[in-house]
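J.: Before we start, here is the structure in question, set down as structure tokens.
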Amino acid sequence: MKRVRLLLFGFGVIGRGFAQVLLEKQAHIQKRHGVKIIVVGIGEHNGCLVDENGIDLKAALEVRKQGKWLDTLVQWKKMTSVEMIEAVHADIAVEVVPSDIRTGNPGAELIEASLKNGLHVVSSDKCAIASRFSELRGLASKKNLWLLYEAAAGGGMPLMNLARECIQADRIISMEGILNGTTNYILNKMSKGGMDFETALREAQELGYAEANPTYDIDGIDAAAKAVILANDIMGMEKKFSDVEITGIRGITKEAVQLAKKNGYAIKLIAEIGDGRLSVGPKLVPENHPLNIESNLNAVLFKTDIGKDITIIGRGAGGRETQSAIYSDILRICKSLDL
Amino acid sequence: MEECKIEIKLEDRPGELSRVLDIIAKNGANLFSISHLREQKREGRVPVIIQFQATGKQFGSIEKSLETEGIEITRKSISGAVGQLQLTQEFILIGHVIDTDIRDTIYTVCDRDVMIKSLDISLKSLKAPSSVFAEISAGNAGALESAMERLKKTAKKKGLLLITGIQT
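Written out as structure tokens, the structure reads:
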């Protein structure tokens, strides 16, 4: 049995989802993969929870459930996450903090420090990966370490794994898709529910699909960051966030959505990657098109030279759904570790 | 020979599809696939996508025969050389489309090879932003592309949001 020691950065929705799934799946992972995952540190913005023998994740989750912070637990240490990386022995860093798209921080700094200290990295942080893609990949390569980020683009949908493992002989000509569930939810409500933009956005916020500040979603920033990651990782481009031509959905009216519907179309926020170009913007999608998907789902259509059209539909976000991609990356690394 | 795809809406009753397939076969086209989109059945009509191989001339003849039979093609595409076929592009303009001189905007698109096939306007009130859905057709891909580039520039200049069709 391999014992893999792990540092977790961020204990928000994704971080707690990670802990919950580990509690549920530890036995399954041990049996099926011969790996025991031990979380030895959780880094938060104001300190770290450290236990070299393995953190009691159930207790940590319970504390947060009670509305308290991790600093109420006895293993809490007043140290920065970078200090924890340097002080605590671990194999893999799981970085799931939300970062700023302009700087990529704090996530990019944590990834960099982890790699410099010899840790493999799994990240769901699209802003960190998109803003410093080449630099971080270069560092990982130089250090001969894994840097995997399946969860950073497409959440629970296996996009990079699909391209890497399943369509290896194909040349991927283009990718296009819905990479943001919040906007898909809003546009669906405007189409099927006849809501105006503001009402649909408010409903998305009430259901927890949209943040209180929905800028990243509705202005296309979230989808653009993911498009950069997919373009660079899958199609070998060297794009930056500033290379993406972005139009959000703020200007779309209920009347326009209904007019599109009347003429056999849905309006969707679509990311298009191909011909060396990246764009995110509202598009007319025929009613019978595979990307005309409902609710807050995501979908990506790959066009390849052998397999032709391949469409993946799934949950692009969510504290639990994203874990499918995070654990896939972790187990991929675990298989390669000689412990 | 080109790879052709048409979408038609058929009454959901026996014999309807065979009428269409007869026309395709009689024109010498090579049938590839038929997809019924039953989940999208509306007002008793089911969208059907038919893919086949045909020359541009055969395609034109199939189109004409379907029209004669009262079967409307709702979408069509053909790979490779365009021949006599018309390429189409749909778009929506959102904003003060009427106030910013809709005629001027539309004329931006039209030229010898490009024409407006249909126009659908939604006007909530005189002061509110309006929406215009249009379909244009062109004799060749280059003409269509430059028409859309002209439209893009005009929309930007007039502060209108232009939404075009997805690439595939």
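Here the protein sequences come in this chain order: A and B. Residue numbers for the first sequence follow our numbering, so the first one is -8 and each next one is one higher. Residue numbers for the second sequence follow our numbering, so the first one is 12 and each next one is one higher. All residues carry an ideal CB built from backbone N, CA and C; glycine is no exception. Since the model is a prediction, treat every value here as computed from it, not as a measurement.
1. Would you say Q69/B lies against chain D (beta-carbon separation less than 8 angstroms)?
2. Q57/A CB to nearest chain B CB: under 8 angstroms?
3. Out of E141/A, K69/A and A160/A, state which residue places its alpha-carbon closest to the alpha-carbon of N152/A.
4. Go ahead and pull the three-state DSSP assignment for S126/A.
5. Roughly how many whole angstroms lie between the Cα atoms of G8/A and Y318/A?
6. Which residues mark the beginning and the end of the alpha helix (DSSP H) in which M226/A is found?
7. Give the single residue among I264/A, R23/A and L127/A whose Cα lies nearest to the Cα of V235/A.
8. In chain A, which residues lie with their C-beta within 8 angstroms of the C-beta of D23/B?
9. Apart from the five residues on each side of it in sequence, which residues of its chain come closer than 6 angstroms, Cβ to Cβ, to W137/A?
10. Specify the secondary structure class of A290/A as computed by DSSP and reduced to three states.
11. Considering just the uninterrupted stretch of the beta strand (DSSP E) at D318/A, what are its terminal residues?
12. Just list the beta strand (DSSP E) runs in the segment 93 to 161 of chain A, keeping only unbroken ones of 3 residues or longer that don't cross its boundaries, in chain order.
13. Considering M126/B, what are the terminal residues of the beta strand (DSSP E) in which it resides?
14. Nearest chain A C-beta to S133/B closer than 8 angstroms, yes or no?
15. Where in the segment 250 to 287 of chain A do unbroken runs of the beta strand (DSSP E), each at least 3 residues long, occur, reported from the N-terminal end onward?
16. Rounding to the nearest angstrom, what Cα-Cα distance links R123/B and R268/A in this structure?
17. Does T111/B come out as helix, strand or coil in the three-state DSSP assignment?
18. If we ignore side chains and look at the alpha-carbon of each, how far apart do Q64/B and A40/B end up?
19. Let me know if L104/B comes out buried or exposed under the rule of 16 or more other beta-carbons within 10 Å of its beta-carbon.
20. Check distances from the C-beta atoms of the segment 115 to 148 of chain B to those of chain A and list, in chain order, the residues that come in under 9 angstroms.
21. Which residues does DSSP list as the beta-bridge partners of N41/B?
22. Determine the chain B residues that contact P273/A at a beta-carbon separation under 7 angstroms, and present them in chain order.
23. If you measure between the beta carbons of G172/A and D210/A, is that distance less than 8 angstroms?
24. Could you tell me whether the segment 134 to 151 of chain B touches the segment 104 to 123 of chain B, where touching means 3 or more Cβ pairs closer than 8 angstroms?
25. Counting only beta-carbon atoms, is V276/A nearer than 8 angstroms to chain B?
26. Looking only at C-alpha atoms, which of A131/A, T63/A, P281/A and S315/A sits nearest to D300/A?
27. Assuming N175/A and I5/A are in contact, meaning their beta carbons sit under 8 angstroms apart, how far apart are those beta carbons, in whole angstroms?
28. Applying the 10 Å Cβ sphere with the 16-neighbour rule, what's the burial state of N223/A?
29. Return the Cβ separation of C39/A and M75/A in integer angstroms, given the expectation that the two are a contact with Cβ distance under 8 angstroms.
30. For V57/B, which of helix, strand or coil comes out of DSSP?
31. Counting only beta-carbon separations shorter than 8 angstroms, does E101/B have a partner in chain A?
32. Contact between the segment 152 to 170 of chain A and the segment 285 to 305 of chain A is defined here as three or more beta-carbon pairs at a separation below 8 angstroms; is this criterion met?
33. Please state whether DSSP places M(-8)/A in a helix, a strand or coil.
34. What residue from R128/A, K134/A, K133/A and S114/A has the CA that sits closest to G146/A's CA?
35. In the DSSP assignment, the beta strand (DSSP E) including M166/A goes from what residue to what residue?
36. Kindly indicate if chain B contains any beta-carbon less than 8 angstroms away from that of N223/A.
T.: The relevant details are as follows:
1. Here the protein chains are A and B, and chain D is not one of them.
2. no
3. E141/A
4. Note that residue 126/A is Glu in the sequence shown, not Ser. Reduced to three states, the DSSP call for E126/A is helix.
5. For G8/A and Y318/A, the gap between their C-alpha atoms comes out near 11 angstroms.
6. I212 to M226
7. I264/A
8. Correct list: empty, because the minimum Cβ distance to chain A is about 16 angstroms.
9. H111 and I324
10. A290/A carries a strand assignment under DSSP once its states are collapsed to helix, strand and coil.
11. Per the sequence shown, the amino acid found at residue 318/A is Tyr instead of Asp. Careful: Y318/A lies outside any beta strand (DSSP E), inside the alpha helix (DSSP H) at Q314 to S327.
12. Taken in chain order, the complete beta strand (DSSP E) segments of 3 or more residues contained in the segment 93 to 161 of chain A are 111 to 114.
13. V125 to S133
14. yes
15. 256 to 265 and 268 to 277
16. 30 angstroms
17. coil
18. 6 angstroms
19. It counts as buried.
20. Under the 9 angstroms Cβ criterion, the segment 115 to 148 of chain B contributes S129, D131, I132, S133, L134, K135, A139, P140, S141, S142, V143, F144 and E146.
21. Beta-bridge pairing links N41/B to Q64/B.
22. I174
23. In this structure, D210/A does not lie closer than 8 angstroms to G172/A by Cβ.
24. yes
25. yes
26. P281/A
27. Rounded, the Cβ-Cβ distance is 20 angstroms, inconsistent with contact.
28. buried
29. Cβ-Cβ separation between C39/A and M75/A: approximately 4 angstroms, consistent with a contact (criterion under 8 angstroms).
30. If DSSP states are grouped into helix, strand and coil, V57/B belongs with the strands.
31. yes
32. yes
33. coil
34. S114/A
35. Unbroken beta strand (DSSP E) run through M166/A: I163 to I169.
36. The beta carbon of N223/A does not come within 8 angstroms of any beta carbon belonging to chain B, so the residue lies off that interface.
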